[in-house]
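Participant: In the UniProt record's numbering, the protein residues as written are 1 to 90.
Using N, Cα and C, we set each Cβ at its ideal position, and we do this for glycine too.
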């Protein structure tokens, strides 16, 4: 799977739900936790203010200063729904 799609998923998940865990990425894309951790680091290197790790919840939460970096002009909810349909049938 293209990293840009995975990074857009992080944008969309943060917009819609306000948080993201490595298990979310692993469940949707069938990857391991190491891949999810690398994606989070790649995302944070480009947009450090978009999400912060919250130890009490064991997840990343949407930052106060959030600007989608990879989603473009796509609607976050529609992107997540479309992604679910595509991955469900593969």
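(1) Measuring CA to CA, which of 52, 71, 40 is closest to residue 62?
(2) In three-state DSSP terms, what is residue 58?
(3) I'd like to know whether the C-beta atoms of residue 79 and residue 87 end up nearer to each other than 9 Å.
(4) For the stretch 12-72, which segments carrying the beta strand (DSSP E) assignment without a break, of at least 3 residues, lie completely within its bounds, in sequence order?
(5) Excluding the five sequence neighbours on either side, which residues of its own chain have a C-beta within less than 6 Å of the C-beta of residue 8, listed in chain order?
Facilitator: Inspection of the coordinates gives the following:
(1) Nearest of 52, 71, 40 to residue 62, Cα basis: 52.
(2) Coil.
(3) In this structure, residue 87 does not lie closer than 9 Å to residue 79 by Cβ.
(4) Those beta strand (DSSP E) runs which fall completely within the stretch 12-72 and span 3+ residues are 51-54, 59-62.
(5) Excluding positions up to five away in sequence, the list reads 70, 71.
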